[in-house]
Each structure stands twice: as structure tokens, then as C-alpha cells.
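Since the structure comes first, as C-alpha cells, the remarks are kept for the end.
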Ligand code: PA5
């Protein structure tokens, strides 16, 4: 049996699971896997892509200081999450900057003012190769890079991560001679973090991408080995969210990591859960307008903001905490002001322990207020556990798609907006 890197505690959920429904979702996912229909499950098998990504990152890290990643949605959020959670400092690690998820000219100007073109590499990421925001920003940055170092050197400093064959970015890359990394066709944008989309920036920042993929692989294997739906973390998580959603107690799903390095994980989850499951029609074509509204929070920070609403506001949310048993740095509060009991009690406590006490106390308070909440635990933030956490929520998303009976892998609701923008901007 594969060791589980992620544990799901649902003792505060107080919502009945429906094992038969979960078994049927599991069977459906297992047969989709067998037919090779769940593209993200094949990520651990992409060995050639992994080696290619590592090699290119190693080469560029030797000569350059900064990587600017240009992407949006699934071509942006995952890489940001990995860098925030796992970045290393030190010689030979590139600083990673992100742009292109917005067309705000002030944000772009701020970045341009800071960049040293002599030591900068651009990584433009777009699966389709034609998304307005990143491509617009890329055209500007490419222009500045060419002006600063000349067309030949600029081409050697641009890496395009895109579809193997199609799209305007592929055409540009071939025409101008950029190095390219593939976005596997079968892996949807928001499931692509552990492909070159997220792995290349991570490798440039010195993160072990092999360990990341190993963690995801372990979680994928554990999921399909665990036949008991009640003990299967991602399946039970999806089952409980589904019950809460159907009963009205969980129209919204809050994800609240208690670790500053996992703040971005919440944003990554919001896209994954929202874009995958918010659908007008079910797989039979019936109008259902389904989907929980995902919300990102951060512990302990949002105890002083959102928690008031979650404890006392409408009974329409589930809260899922992410807890970390041991932190990579340990610091304690010094003993001081012994005569002030409202401060003195802090002395001697380790900050990591305080954070975990706060998480447990918040869970208990929510429970006492009758609010369903659960906790996803990892031992420590490492490449393996972050890979496994991502796999956990990808599997949970796929399972929730089965339970809601919606296609979790398309995004027709995004397309209409894109078409209107294209018309307004005179796109042919
Ligand atoms: O999940 C998705 O498919 C989307 O969020 C895309 O990642 C996003 O629209 C960016 O698309 P692209 O990588 O084609 O530029």
C-alpha cells in the first residue's frame, strides 16, 4: 500500500457520507483512467518532458539571474503556488517574477523598471498560444528584450511553453528559434501545474521537480489503491462537499491553509474547483447551474477578518483547513513582561505550535457554531507533500465532477467573454 502523504480529518464535518454514491464515482474514475481519459493522471509518466525541463532550467540557471513567467489562469497560478511554497534562496537559483495575468499597465511598468535585461530570461506560457493577456504582455517584453540585447541573443533567452503543434505561440517560437517545452494536449490548463507549465519555473528556482512529481504519483496511486470510499481522502472530501452543497449547507467551499507559504495554494484551488465544477449543464445536457463557490482564506490572518462571518453568518459554507505538523523554521516567543499576564503567557511558545493551536481552536469554534469543517494535514512543506496536496485536490475535483455529473475539464463559460473581447478589439 502506498504511504499517504496527505491525511484528511473529517470529524468536524458532521454530514453523512453516501458510500454507494462514492463507490460509483470511484468506479467511473477508475474506468476513465483505464481508458486513458484522465489526462492529469499520466503526469508522472511524462519522464522525457521532466528531463528536458530539468536540463533547460539547469542550463539557464548557470548564466541568468531572473526568470519572468508570462501566463494567466492555469498557465500562471500553479507556478506561483510552487514558487511561494518551495522556493530556495542561494547561489545559482533564479528569482522568478510573474506577469501577464493582467494587462494593468502600472503593474507592467513596475516590472519593466526593475528588470536587468542582461540577466533576464522570458518564459511565455500559453497552451492555446493565443490568450490575449499573456500574449499582449509577451509582445511588449520581447520587444524590450530585442532592443536591449539584439534579436539573436533575445531568441536564446525566450522559452515558450505551449502546445506541441498548434497555436500562434508555437508558430512564433519556430519562426524565431526559441527553445520550447510542451504542454501535454491531454492535460487541461488548471490541471497542468506538474507539467513543464509549473515545473520549469520551479526548476529555475531550484526546486526539485522530481520530488514534486513523486509526491503526486504517490497520491494518485494511494487513491486508486484505497477501495474503501470512506477512508479515501479525496473521495471522502468530494463526497462531503457534495452532500453539503446539495443540502444547501455548503453552497460555498472555503480553503484555509494555516501556513503563509501556502497562501497561493488557496488561489490555485479556487481556479481548479470553480472553473472545473461551475457548469450550466450536466453531462446529459440538462440545465443544472451547478458548483460550489470556492473561497481562499489564510490562517491565522483571516481569523481577524472572515472567521466572524463563517462562525455567525449564513449556514452556507464548508471550511477546509490545511495544517502543517512541523515547520521548516523554528522560532519561539521570548519570555518578557512577566508582570503582564495578558502577554506573559506567550513567552516560550514556538510560533509553529501557536499556529497549529490557532487552527485547532478555529476548527473547534466553527464546530461549536454548527459549521461543517475538515482538515487536510501534511507533515511538513516539502516538494513531495506539495505535489501530493495538488494531486489530492485534482482527484477531489475529478470526483466532485462525477458526483455533480458535470464535465470538469471544459470551460465554456470563459469562452463567451473571450469572444466579446475579441470583437470589441477588432480581432479577425
Ligand atoms: O484552465 C484553463 O484551461 C484556463 O484557466 C487556462 O489555463 C487559461 O485560460 C490560459 O490559457 P492558455 O494557457 O491557453 O493561455
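Numbering (this note's numbering), first residue to last: 3 to 430.
Yeah, the Cβ is synthetic: ideal placement off N, Cα and C, and Gly gets one too.
Since the structure is predicted, the reported quantities are computational estimates derived from the model, not experimental observations.
DSSP three-state assignment for residue i, whether helix, strand or coil
| i | result |
| --- | --- |
| residue 194 | coil |
| residue 259 | strand |
| residue 209 | coil |
| residue 101 | strand |
| residue 334 | strand |
| residue 7 | coil |
| residue 367 | helix |
| residue 352 | strand |
| residue 229 | coil |
| residue 13 | coil |
| residue 46 | helix |
| residue 362 | helix |
| residue 388 | helix |
| residue 19 | coil |
| residue 39 | coil |
| residue 342 | coil |
| residue 34 | helix |
| residue 428 | coil |
| residue 415 | helix |
| residue 223 | helix |
| residue 247 | helix |
| residue 374 | coil |
| residue 410 | coil |
| residue 56 | helix |
| residue 93 | coil |
Per DSSP, cross-strand counterpart(s) of residue i
| i | result |
| --- | --- |
| residue 325 | 379 |
| residue 254 | 295, 319 |
Beta-carbon separation (whole angstroms), residue i vs residue j, contact threshold 8 Å
| i | j | result |
| --- | --- | --- |
| residue 218 | residue 390 | 6 Å |
| residue 87 | residue 263 | 5 Å |
| residue 202 | residue 163 | 6 Å |
| residue 91 | residue 113 | The pair is not a contact, with the Cβ atoms about 21 Å apart (cut-off 8 Å). |
| residue 141 | residue 70 | About 14 Å; that fails the 8 Å criterion. |
| residue 221 | residue 7 | 6 Å |
| residue 278 | residue 399 | 5 Å |
| residue 275 | residue 296 | 4 Å |
| residue 67 | residue 96 | 6 Å |
| residue 197 | residue 108 | Contact flag wrong, Cβ pair sits at about 32 Å. |
| residue 245 | residue 19 | 7 Å |
| residue 299 | residue 272 | With 8 Å as the limit, residue 299 and residue 272 do not qualify as a contact, their Cβ atoms being about 10 Å apart. |
| residue 190 | residue 76 | 7 Å |
| residue 156 | residue 144 | 7 Å |
| residue 102 | residue 72 | 4 Å |
| residue 382 | residue 328 | 5 Å |
| residue 397 | residue 236 | 4 Å |
| residue 133 | residue 74 | 6 Å |
| residue 258 | residue 323 | 5 Å |
| residue 360 | residue 268 | Their Cβ separation, rounded to whole angstroms, is 17 Å, which puts residue 360 and residue 268 out of contact at 8 Å. |
| residue 151 | residue 180 | That pair is no contact at about 14 Å. |
| residue 215 | residue 45 | 7 Å |
| residue 260 | residue 325 | 6 Å |
| residue 182 | residue 252 | Between residue 252 and residue 182 the Cβ distance is about 42 Å, and since that is not below 8 Å, they are no contact. |
| residue 379 | residue 9 | 5 Å |
Short CB-CB distance (under 8 Å) between residue i and chain D
| i | result |
| --- | --- |
| residue 166 | Judged by its chain identifiers, the structure shown contains no chain D, having just a single protein chain. |
Ignoring anything shorter than 3 residues or poking outside the segment 261 to 323, list the beta strand (DSSP E) runs there in chain order. Taking only runs of at least 3 residues, the beta strand (DSSP E) segments lying wholly in the segment 261 to 323 are 281 to 283, 289 to 292, 295 to 298.
Quick one: complete beta strand (DSSP E) runs, 3+ long, within the segment 105 to 138? If we require 3 residues or more, the beta strand (DSSP E) runs fully inside the segment 105 to 138 come out as 122 to 128.
Could you tell me which whole alpha helix (DSSP H) segments of length 4 or greater appear in the segment 60 to 90? Scanning the segment 60 to 90 from its first residue to its last, the whole alpha helix (DSSP H) runs of 4-plus residues come out as 79 to 88.
Ignoring anything shorter than 3 residues, give me the beta strand (DSSP E) runs that lie fully in the segment 144 to 208, in order along the chain. Those beta strand (DSSP E) runs which fall completely within the segment 144 to 208 and span 3+ residues are 160 to 164, 181 to 184.
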